[in-house]
Every structure is written in C-alpha cells, then in structure tokens.
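What follows is a single structure, written as structure tokens, with notes after it.
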Amino acid sequence: MDHNLPLITTIAAGLGLALVLGFIAARARLPALVGYLLAGVVIGPFTPGFVADTRLASELAEIGVMLLMFGVGLHFSLGDLLAVRRIAVPGAVVQIVAATAMGVAVATSWGWSLAAALVFGLALSVASTVVLLRALESLGQLDTFSGRIAVGWLVVEDLAMVVVLVLLPPIGTALTGSTAADPQQVARDIAWTLLQVAIFVALMLVVGRRVFPWLLWQVQKLGSRELFTLCVVAAAVSIAYGATQLFGVSFALGAFFAGMVLRESQFSHRAAQETLPLRDAFAVLFFVSVGMLFDPRILLDAPLRVLAVVGVIVLGKSIAAAVLVLVLRYPLHTALTVSASLAQIGEFSFILIGLGATLGVVPAQAQSLVVAGALISIALNPLVFRAIEPLQRWLLARSQLARSLAARDDPLAELPLGTDAKYLSRQVVLVGHGRVGRRLAEALLAHRIPFVVVEQNRALVEELRGVGVPAVYGDAAQPEVLVQAHVARARMLVIATPDTLGVRQMAAHARLLNPPIELAVRSHNEEEARRLEQELTGRVFVGEHELALAMTRHVLERCNA
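Each residue of the sequence shown is one higher than the one before, counting from 1296 in my numbering.
Written out as structure tokens, the structure reads:
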C-alpha cells in the first residue's frame, strides 16, 4: 500500500492539530478559531517540522469557503435585517468606509500602492460573523435588541463584501497598474460581470426557489437521512461550481445564494442541522489553511505594522462604530455592544486578502498582517465583550455626558402628553413586540384591553405609534423606562421578550414601583421557569409546555367529537 497520501496526510494533520489547539484555546476561554489558525501556522511552510501540502490545503479551503458561505446564506433572514435596517444599513456602510480609510492611510504610509492599500483596508473593515455569533451566544445576548443590531450590521457588511468579491476580479488588472488599463474596457468588464451576476441571481430566485425545494421534497419522501444530507451538500457545491464556470461568479457568492434559496423552503432548519458537522469540519480546514499563509517572522520583522493593524481593528473600528450608533440616537449600551462586535476580523477578510494576493494587487506581507490581526483581535474579543459592563459603569459614574447618552432625550422614550387616561392606569405593560408579543398585542386589541408596549427597536416603536398603539422606546430593565410606561399604576407586566437576562431586573423594578402588580413571563426551558416562578412569584410560560397543552386540547377535542 502506498503510504504517500498527501490528501489524507493534510486532512489528518490539519484536523488533529486543530482539535488539540482548539481545545487548549477553549480551555483558555479563547475562541476555538484561534487554535485552528495556530494549527495552520504550525503545519505551514514558515515553521520548522512537518509541512502540509499547501496546494491541497487551498483546495480544501475552497470547499470550506463554499460551505461557510452556504451556512451564512442559510441563516440570512431578510426579515431580521429589515427590523434593524435603519441603523444596520447606514451604520455598516459608513463604518466600512471609515475603517477602509484608516487601513488605506496606514498602508500608504508604508509605501504601498493605492490599489493594495484599498484592498487591505477593505479586508480590515469587515468583522467575522462566526466569531460574533459565538460571542453573543456565550453571553446570552444573541436575542437582545443590541445583539440583533450587531448581527444585522455584520450581515450588511457580508453583503457588501460579496459585492466587492464580484467587482474585484474584473478591475484587478487595472488596479495592479501592470498594464495600461483602458477605462472603457474596465467599464465593459464590470458591466459584463454585473450582468452575469444579475442573470445568475435571477435564475436562483426564479428557478432555484422552485426546483431546489421540490428536489429536497422528493428526497425527503424516501426517508433516507443520508440522501437528504447528500442532496443538500451536493446542491450547495454544485451551484457554487456551476456559478463559477457558467457565470464567472465566485464560489463564495454561488454558495451564498444556494443557502438563501434553501432558506425559503420548509426544509431549511433540517438542512442546517444535517449539514452542520460537515460545514464545521471544512470550516476548520479553511481556517487551518489560512493559518498556513501566516509567516510568524512578521512579528519580529514588522512589529509596529502588526500593532498598527491591531489598532485599526480593535480601536479604530470600535470607536467609529460607537460614534455612529450614538449619532443615530441609540443608547450607550447599544453603542458599546456594536463596537465590541466589530473589534475583530475573520472569514471574509481572509477570502478578500487571498483574492487580492491571487490577482497580484497586494504584497505577500499583506496576508501575514491580516492573519496576525485576526489572531490577536479574535483572542482579545472575549475580553472586549467582558469589558462592556465595567466600562459602562465607570463612564456613568464619572461622566454626565455618558449618563445623558445612556438615557437619551428621545421623544419616543416617553408617552405623548395627550395619551388617553385608559393607557395610564390599570393597563397591561407589554415588554417586547416580537413574534410572541405581537400576538399578545393583537389579542389585547381584539378584547379592547388597554396596554402599553415597551420595545428596544426604535423603528418598531415609531410604527406602533403610527397605528395608534401606545409604545415606549427603551430597555425595560431600566427603571426609568418602566416609569414612562406608567407601570406604577398598571394591573399586569407581561414580559414577552426572549432576553432572559433582564427579566429579574424588570420584575424587581416593577414590584418596587407597584408591589401588587401581576407578572407573566416568557421562558425557554422548564428549569429556568421553575427558578423564575420561585423568585418572581408570577406565572411563567414555557414554549414547549404550552405547545404540548394546546396540542393535547386539540387531540382530545377531536377524539371526543
């Protein structure tokens, strides 16, 4: 038997070492991604010892990119983005411009060409959605309004980078300056690329949305889990490959739209669950291959450049994002959460800087600088998130400006003066107007029971007031927000938000202002519900429990009919 098997050797070495170093990173309370990148550094060509096959690693990385982007598309919710569009879209666009400008300024000071500096700046401007999601999940903030803003912000950044990946190849020759570029030819190349992308997107939205779900339904009827998983993965990879071969679209864009199309079907949740292990495995190989591009000597040869890159990522981007959020009249805590979310770079940065290197736009050192910046910023990101609350307390204790920013003088933060008296006494205070809160509000309206909504989504508060529903903008965990909702004279406080971290504070403030008030709280699991019932002496509703009761009533009614 031939034991010279570079593919198996590369996969075994990459996954094995990634497991060990990822485990060590996780035990050190760092993202496992840091361990994966370090595994690539260890088996890369710039460190002594075993060297994996770089060519094979890059091909495995392409599969990783496809599956990563397929996962991003699979979880891309247009509805979630629209809910925070008024802050996420302008904020992300301005932040990308600001961060790119900082990157360009730093790179041009090193003597790089404008083209190289522009690509480099763009690579530093986009944060990692993977790192953000894991950070928010670990802190329990994924379902909070600040968490949704941060995720929506990064989705806009991802979409912007998709556009950049589409436009970079046709203008690559002009950017390098290696040949005299004809502006008309460059314009024709861009127009042709955009036309190809438009045709591909139209086919995916018109044909793919019908064919792909139909195909999955046919496979689903066979009852084979293996065939279902194979169908999803084969479709993702085939669409990505076909998009590249037929339309000149990148693997990343093709896989992204494959995920978007599948998300529209009834099988999206199952597809995400079934393919998650495979996507995770190849994503690990992608990060390992990125680590192989890193030359550790840059830490000794150009330490000041590495520090400058980290400064742009961790400080420059964060400050710019915080200022933008405050300018858009959102509170201090939201500004700090969004700024912490952006204080790192990840997968799109690697894809973009790799494409720039392939096209000859950026120097070889650029990849090592980006990977170094990613390693350091991702390692620091958990510490940045943990510093949010202490920093906010420190600022509030020492700065009147910070206190005014934390309690924004916003007309939506209090009920209008002409609010009907029935909404100010014996009313229901409804915290949250999401999927659960919206249905509660509809039922209260139908039964003519007065209520006031407390919601952290400013745009939603504007919409509710526009249709005559009394609503207050703010975080119900803050006593001043409950005061504005007139909780002191309310008959009931209904907490329908998925933010379980603030429930105890909301209940405590409400009971302090109105001791006999009744409480009704939404919970996610029975253990948490038992604790909340003991602590809050109110009624706690668990989703699965209430669903089981409703189904039981329906079955008994039908059987006894």
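Just so you know, even glycine gets a beta-carbon here, dropped at the ideal spot from N, CA and C.
Small disclaimer: the values here were computed from a predicted structure and weren't measured.
Range of the contiguous beta strand (DSSP E) that encloses residue i
i	result
A1815	E1813 to S1818
F1746	F1746 to E1750
V1726	V1723 to V1726
Simplified DSSP state of residue i, which is helix, strand or coil
i	result
L1623	coil
L1844	helix
I1640	coil
F1577	helix
F1836	strand
V1657	coil
I1790	strand
E1709	coil
P1343	coil
T1349	helix
N1676	helix
V1421	coil
V1762	coil
T1570	helix
D1297	Low confidence applies to D1297: its pLDDT is 46, below 50, so where it sits in the model is not reliable, and the reading given next is rough at best. D1297 falls in the coil class under three-state DSSP.
G1368	helix
I1338	coil
Q1773	coil
L1427	helix
T1304	helix
D1590	coil
L1316	helix
S1720	coil
D1715	coil
S1663	helix
S1441	helix
W1448	helix
S1408	coil
G1729	coil
Bounding residues of the alpha helix (DSSP H) (the contiguous stretch that carries residue i)
i	result
Y1768	Element bounds for Y1768: not the alpha helix (DSSP H) but the beta strand (DSSP E), A1766 to Y1768.
H1742	It is not in any alpha helix (DSSP H) - H1742 carries neither H nor E in the DSSP assignment.
P1857	Lying outside 1296 to 1856, the shown extent of the chain, residue 1857 is not represented and no answer is given.
W1689	I1683 to R1693
L1808	V1798 to L1808
A1783	Per DSSP, A1783 belongs to no alpha helix (DSSP H) and is neither H nor E.
P1326	Counting along the chain, P1326 falls outside any alpha helix (DSSP H), and DSSP gives it neither H nor E.
F1602	The amino acid occupying residue 1602 in the given sequence is Leu; Phe does not appear at that position. Per DSSP, L1602 belongs to the alpha helix (DSSP H) from P1598 to V1605.
is_contact[residue i, chain B] using C-beta, thresh 8 Å
i	result
S1818	This model lacks chain B altogether; it includes just one protein chain.
6 Å Cβ shell around residue i - same chain, five flanking residues per side excluded
i	result
S1663	F1589, D1590 and I1593
V1837	S1818, E1821 and A1824
L1831	A1802 and L1814
V1272	This structure leaves residue 1272 out entirely; the chain is present only between 1296 and 1856.
V1604	L1664 and G1668
R1834	A1815
A1347	T1305, A1308 and I1338
I1358	F1577
I1534	G1549 and A1553
Whole-Å CB distance - residue i paired with residue j, under 8 Å assumed
i	j	result
V1665	A1418	5 Å
G1309	V1583	4 Å
V1514	L1522	5 Å
L1686	L1759	About 32 Å; that fails the 8 Å criterion.
A1616	G1386	7 Å
V1461	V1492	6 Å
T1305	L1351	5 Å
Residues near residue i in its chain [Cβ-Cβ closer than 8 Å; skip 5 each side]
i	result
D1297	Low local confidence applies: a pLDDT of 46 at D1297 is under 50, so the model's placement there is unreliable, with the coordinate-based value given in what follows. Around D1297: no qualifying Cβ.
E1709	V1767 and Q1779
V1601	I1593, L1594, L1664, A1667, G1668 and I1671
T1714	P1765
Residue i CB to nearest heavy atom of the ligand MG below 7 Å
i	result
T1349	Summarising the ligand content, the structure contains no ligands, and the ligand MG is consequently not present.
Same chain, Cβ closer than 7 Å to residue i, five either side skipped, listed in chain order
i	result
A1674	L1325 and V1329
L1312	A1334, V1337 and I1338
G1317	A1327, G1330 and Y1331
L1739	V1723 and F1746
A1933	With the chain represented from 1296 up to 1856, any question about residue 1933 goes unanswered, as that position is not in the structure.
H1564	none
A1430	N1676, P1677 and F1680
Exercise for the section: May I have a chain-ordered list of the alpha helix (DSSP H) segments no shorter than 4 residues that lie completely inside the stretch 1473-1528? Expected result: 1478-1498 and 1504-1516
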